[in-house]
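First the structure, in the form of structure tokens, and then the observations on it.
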Amino acid sequence: MSTLTIKTENSSKILPGDKSGLPLELWQIILSGLSAWDLCQVCCVCKTWNSFMRCVDSTRWKELYLSSTEWKHPKWPLNIESEPSSWKLEYKEQYLSSKFWQNGIKNVPIVSCLSVLKRNRVKKLINVGPGQEHENLRSALLVANDYDRICVHPGIYDEQFEMSSKIPFELVGCGELGSVILVVCIEQIAPTGRLSNLVLRAPWFTSFILKVRSGFMQIDNCILEDGMIYAQNPGTCHVRFSSFRHAAVILQHMNATVIEHCEFSQSDTADIIVEGHVKDDKNWTYSYLCQHTRNLILPHAQSDVLEEKSNDIETSTNENTPKTNVTNENEGDVSHVITVVEVPDAADTVKRNSVSVVTERMSSVSEWVNNAPSNPEGSTPSLTTASVAEAWSVSETSNGSLYDLDDLGSNSVTDPESRQSHHSSFSSGDDSPSMIQSDSEDDLSDGSVIMLPHLRQHHLRLTQSKQSRKQNDNLSVDSSYFKPIRFDLTKDSTAKDMLNQVKGCLIHACRMSHSKGGVMVSLQGQAIISECDISNVSYGIRCIQNAQVIILKNKIHHCRTSGIFMRLASSGLVAGNDIHSNLEAGIDIRKNADPIIQHNRIHNGKRSGIVVLGSGRGQIERNDIYENKEAGVYVLYGGNPTISGNYIYDGHAAGIAVNEGGKGIITDNTIRGNQWGGIDIRHEANPIVIDNTIVNGIGDGVVIGERGIGSLENNIISGNAGCGVWIMNANNPYIHGNQINNNGDCGIMLVDKSDVLHEGTAWMLYTGVDRYNTYRDEQQITTSQSTIIQYNNIYHNQGKGMSVQHGDKVVVKFNAIHANQSDGMLIDQEAKVEVISNSVTTNKGSGLVTSNSGTVIGNGVFENREGGIVCCNQATISHNDVVGNENHGITLHGNLSVNVCNNRVQSKVKPAVKIDQVKNAVIENNIIYDEETTQLNNEHDTDRKGLFSKSDFLKNPDVRPHIDPPPEKSQIPPHYMSDITHVTVPSTDICPQGSNICSIL
1 MSTLTIKTEN SSKILPGDKS GLPLELWQII LSGLSAWDLC QVCCVCKTWN
51 SFMRCVDSTR WKELYLSSTE WKHPKWPLNI ESEPSSWKLE YKEQYLSSKF
101 WQNGIKNVPI VSCLSVLKRN RVKKLINVGP GQEHENLRSA LLVANDYDRI
151 CVHPGIYDEQ FEMSSKIPFE LVGCGELGSV ILVVCIEQIA PTGRLSNLVL
201 RAPWFTSFIL KVRSGFMQID NCILEDGMIY AQNPGTCHVR FSSFRHAAVI
251 LQHMNATVIE HCEFSQSDTA DIIVEGHVKD DKNWTYSYLC QHTRNLILPH
301 AQSDVLEEKS NDIETSTNEN TPKTNVTNEN EGDVSHVITV VEVPDAADTV
351 KRNSVSVVTE RMSSVSEWVN NAPSNPEGST PSLTTASVAE AWSVSETSNG
401 SLYDLDDLGS NSVTDPESRQ SHHSSFSSGD DSPSMIQSDS EDDLSDGSVI
451 MLPHLRQHHL RLTQSKQSRK QNDNLSVDSS YFKPIRFDLT KDSTAKDMLN
501 QVKGCLIHAC RMSHSKGGVM VSLQGQAIIS ECDISNVSYG IRCIQNAQVI
551 ILKNKIHHCR TSGIFMRLAS SGLVAGNDIH SNLEAGIDIR KNADPIIQHN
601 RIHNGKRSGI VVLGSGRGQI ERNDIYENKE AGVYVLYGGN PTISGNYIYD
651 GHAAGIAVNE GGKGIITDNT IRGNQWGGID IRHEANPIVI DNTIVNGIGD
701 GVVIGERGIG SLENNIISGN AGCGVWIMNA NNPYIHGNQI NNNGDCGIML
751 VDKSDVLHEG TAWMLYTGVD RYNTYRDEQQ ITTSQSTIIQ YNNIYHNQGK
801 GMSVQHGDKV VVKFNAIHAN QSDGMLIDQE AKVEVISNSV TTNKGSGLVT
851 SNSGTVIGNG VFENREGGIV CCNQATISHN DVVGNENHGI TLHGNLSVNV
901 CNNRVQSKVK PAVKIDQVKN AVIENNIIYD EETTQLNNEH DTDRKGLFSK
951 SDFLKNPDVR PHIDPPPEKS QIPPHYMSDI THVTVPSTDI CPQGSNICSI
1001 L
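Here it is, written out as structure tokens:
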């Protein structure tokens, strides 16, 4: 045959050497009749023929692949509609895999002198069936030798015996799958063997279809019914393209086994049970199976995934790397695994949402304090004009506040669509919260407000770029928007270590449905479960008793209990999974289980997204948790997880609920649009809540209910329909450094009575923890002697800035309370309240209203719409600056005893200090300014418009409040794992059967 060439002027013709050509369509017809062997021979003719053979990849190679009885569609059973990148390569891969079992042939050295005369034995083909040389399988096995092929013709073979396979052979069914039914129990003893295209059933006297105690068994394209496969180390299995009906797989002490592209249904137990610690015994298939495991969990289609950054990821594998002949140096090492998953980019989604959603983090209070100049006298830093100017000068290095504060004024909120987007989660009634519309004369632009500088510096910094910021902020993104991203698990040292630790068996691309359970891993077993679809089972994946698992990129949904259940010190990595529509929690963590949970979607559950209880721990990081019927994350009964970087939104209850002695670190999460509190803390729960963004909730931002404790530090709490922070009968929580603004009610409300709008409801009861109802942490919960509220920025809320009607002592200090729609601060409780060095400015009501005992010292109360300080109780009011308020500076009404001293007071209404029905008052050493003094100073100070010109007459000491440097925020401890060092058998209360172990468990 002449060499083929391609005619340049007519690409549709393939021409031989004599320049006469045939159309491309005719060549395709000619090649469509060739076998796989012939097509490979054609590819070897020359480069031109090899290139041309690509035209039959989607025709002849696809036909050859799908007509084979050795395997099924490469994406079976999950996605048979998809097309592989190359049918030829898939054919090659499956063909080589089907022949792998023959690699167990050992080259035994021959020492006989007559070996040169020894005839090479040819592998026999033994036919079994009606009219064939053997009527049944038993007689065929009697004549079979090593590596012979036994072909079983269509029929039902009720052998009813246990076949011990002592020689390696291949047992293959002829015809279509399902036409050969074999009732037999096979015990694998030989080094290798293969089963293909058979229906296998267990005989009446046993429940086992196949037992592998040593050697290797390869199962391709089979149906297994009414029995189980049992494999034990050092035996190994490779099961592909098989269906299990009322059948299961039990793997014990396995260090290498692969189950891929299989379908399980209607099992009375878990479909796959992995148990026992990994033993070091290895057979000849160990290296191949480890390499095959690594190849399967690597990403395949990198071009199909959008990269978040061009240099996000480096390719860590070579496509040309051979899949066999793996050296022992790399055995079991999966440190180069990169997992690619399409998950929502929470930060990107939030940044693209409407103006009501977070755009930047507020700067730390400590930043401006540390940068502010010291007082010449060495006293505590103060909010003087000079110090504030210095603080502003370093604003470019700050992260900024939550909002462009100009956008919160009446002059800038003009776009009805953006406002509608902001309040899309609120009701349309009159009680719905709206943007605060401060009057222009009281807004931040006129320099009349004294407040914490990092709010004001953010306003000044953003004024220049206001128009561009508004254009970006007004973009509205639906909550279902997802951006495909890449994440590299090897960049997380903890996840990387877990990837290297777990060996065991691989369960890949399988479907499991309508069984009691999907996968059970127990008794120190190890397994990797990837890209499976598990649905309509009692539980998806259950890991107990020190099991270690890696669960990657699975779909786990519509389970009758939890999707993933981890308990009894189990651990592992759960990443990139889609977990939804389960009747119980998406992930349930208990009894010292300590998994790493990253980059999952957990949504539409009938209960909570993730539940951590009974001393469960775990690292819950960067997950997308939404639209669950109960709390997105629920921590109770001693649960102590680390919850960080998650996006928790649109839940029907709280975003994160911590109850009944729950603990944990909650940091850097975005919590948005949940029906109840963004974070709900009750009943001796004591979490640390740091650096979270809690916005646009249908209820309150943070709820600290009955006996709740907790520490709230440096959080952004904004745009919630209720209060920013709501505290009832709490056990002295710690509120520090938070930004609380634009909420529909008070910024912070403390009450000491039941409130039907905030009482615990049915979602707070978790029926799965009845046995833990008597649980209490052995360590006594330590609490502060008072509730501390300090260094918070509370502004632009619809109600009061702060309402204190608590039953215990409260310390309120170093807060900025600005431009709220009612009073800046209301205090109405008998227990002592200390109000120290706060900035209370431009609120629509009075600055500070107190009706019971308390201490008001060192505060700056400026430019409020009503009175400055209204006191109706026994109190001490000293060293305050009360300036520029619309009504009386200080109003004393009905006091039994009051002490007003060393204050500086100026008001627009005389008298500056009003006394009404006071029985016993001490008023001394106060400095009273009239209105003219203030106006005169302003007229001579026109060059300082950007500063606090209306309070420049306050000298020696400088303008109050004087702020102490804030303490360091709570440190997040490194994740820990405790070990059980001993078990003490109780001396009493043993079980009725007399077992002491029962009472231990």
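Throughout the sequence shown, residue numbering follows the UniProt record's numbering, covering 1 to 1001 in sequence.
All C-beta atoms, glycine included, are put in the ideal place defined by N, C-alpha and C.
Using the Cβ count rule (16 or more neighbours within 10 Å means buried), how would you classify Thr693?
Classification for Thr693: buried.
Can you name the residues that DSSP bridges to Met825?
Met825 pairs with Met802, Leu848.
Using the Cβ count rule (16 or more neighbours within 10 Å means buried), how would you classify Gln917?
That one is exposed.
From the DSSP output, which residues share a beta bridge with Met749?
Answer is Trp726, Ser803.
In chain order, what residues of the same chain have a beta carbon less than 6 Å from the beta carbon of Glu924, not counting five sequence neighbours either side?
Closer than 6 Å at Cβ, skipping near neighbours: Cys901.
Once DSSP output is grouped into helix, strand and coil, what is the label at Thr48?
In the structure shown, Thr48 sits in a helix (DSSP, three-state: H, G or I).
Would you kindly report the start and end of the unbroken alpha helix (DSSP H) that includes Ala93?
The question names Ala, but residue 93 is Glu in the sequence shown. Its alpha helix (DSSP H) spans residues 87–98.
Between the Cα of Gln619 and those of Asn859, Asn604, Ile643, Ile735, spot the shortest distance and give me the residue it belongs to.
Comparing Cα positions, the closest option is Ile643.
Do Ser846 and Pro961 have their C-beta atoms closer together than 7 Å?
No. Outside cutoff.
Put Asp492 into one of helix, strand or coil per three-state DSSP.
Coil.
Kindly list the residues whose CB is nearer than 8 Å to the CB of Trp204, restricted to its own chain and excluding five residues on each side of it in sequence; keep chain order.
So the list reads Gln160, once near-sequence residues are dropped.
In angstroms with no decimal places, state the Cα-to-Cα distance between residue 1025 and Lys211.
Because the chain here runs from 1 to 1001, residue 1025 falls outside it and cannot be looked at.
With burial defined as no fewer than 16 other Cβ atoms inside 10 Å of the residue's Cβ, what is the status of Asp700: buried or exposed?
The residue in question, Asp700, is buried, as its Cβ has 16 or more Cβ neighbours within 10 Å.
Just list the residues that DSSP pairs Pro641 with in beta bridges.
In DSSP, Pro641 forms no bridge with anything.
Per DSSP, what kind of secondary structure is Val305 in: helix, strand or coil?
Low confidence applies here, because Val305 scores a pLDDT of 30, under 50, leaving its location unreliable and the question unanswered by this model.
Got a sec? Which residues, its chain only, sit under 7 Å from Arg567 by beta carbon, not counting five neighbours each side?
Result list for Arg567: Ile544, Arg590, Lys591, Ala593, in chain order.
Grab the span of the alpha helix (DSSP H) containing Asp38 for me, first residue to last.
Note, Asp38: alpha helix (DSSP H), 36–43.
In whole angstroms, what is the alpha-carbon distance linking Ser581 and Arg138?
Rounded to whole angstroms, Ser581 to Arg138 spans 50 Å at the Cα level.
Under three-state DSSP, which class holds Asp663?
Here residue 663 turns out to be Lys, not Asp, going by the sequence shown. If DSSP states are grouped into helix, strand and coil, Lys663 belongs with coil.
Using 8 Å as the threshold, is the segment 621–628 in touch with the segment 598–608, meaning 3 or more CB pairs across them?
Yes, the segment 621–628 is in contact with the segment 598–608.
Could you check what DSSP says for His292 in three-state terms: helix, strand or coil?
Three-state result, His292: helix.
Which word fits Asp808, buried or exposed, when buried means at least 16 other C-beta atoms lie within 10 angstroms of its C-beta?
The residue in question, Asp808, is buried, as its Cβ has 16 or more Cβ neighbours within 10 Å.
Val900 lies in the beta strand (DSSP E); which residues open and close that run?
898–901 is the extent of the beta strand (DSSP E) around Val900.
What are the partner residues of Ile596, as DSSP defines its beta bridges?
Its beta-bridge partners are Leu573, Gln619.
Using only CA atoms, which one of Val502, Pro154, Val184, Met163 lies nearest to Gly178?
The residue with the shortest Cα to Cα distance from Gly178 is Pro154.
Using a 10 Å radius around the Cβ and a threshold of 16 neighbouring Cβ atoms, would you call Ile156 buried or exposed?
Its Cβ having fewer than 16 others within 10 Å, Ile156 is exposed.
Can you tell me where the alpha helix (DSSP H) holding Lys62 begins and where it ends?
Unbroken alpha helix (DSSP H) run through Lys62: 62–67.
Can you tell me where the beta strand (DSSP E) holding Ile817 begins and where it ends?
Taken as a continuous stretch (DSSP letters only), the beta strand (DSSP E) holding Ile817 covers 816–818.
Looking only at its own chain, which residues have a Cβ that is under 6 Å from the Cβ of Leu182, when we skip the five neighbours before and after it?
Answer for Leu182: Tyr157, Leu198, Leu200, listed in chain order.
Between Gly662, Val751, Ile717, which lies nearest to Leu826 when the distance is taken from Cα to Cα?
Measuring from the Cα of Leu826, the nearest candidate turns out to be Val751.
Less than 6 Å between C-beta atoms, sequence neighbours within five positions excluded: which residues of the same chain meet that for Val870?
Correct list, in chain order: Ser846, Val849, Thr891.
Would you report the Cα separation of Met498 and Ala575, rounded to the nearest angstrom?
For Met498 and Ala575, the distance between alpha carbons rounds to 12 Å.
Starting from Gln790, trace the beta strand (DSSP E) both ways and give me its first and last residue.
Element bounds for Gln790: 787–790.
Return helix, strand or coil for Met254, following the three-state DSSP convention.
Three-state result, Met254: coil.
Check whether the Cβ atoms of His683 and Arg707 sit closer than 7 Å, and answer yes or no.
In contact: His683 and Arg707 (Cβ atoms closer than 7 Å).
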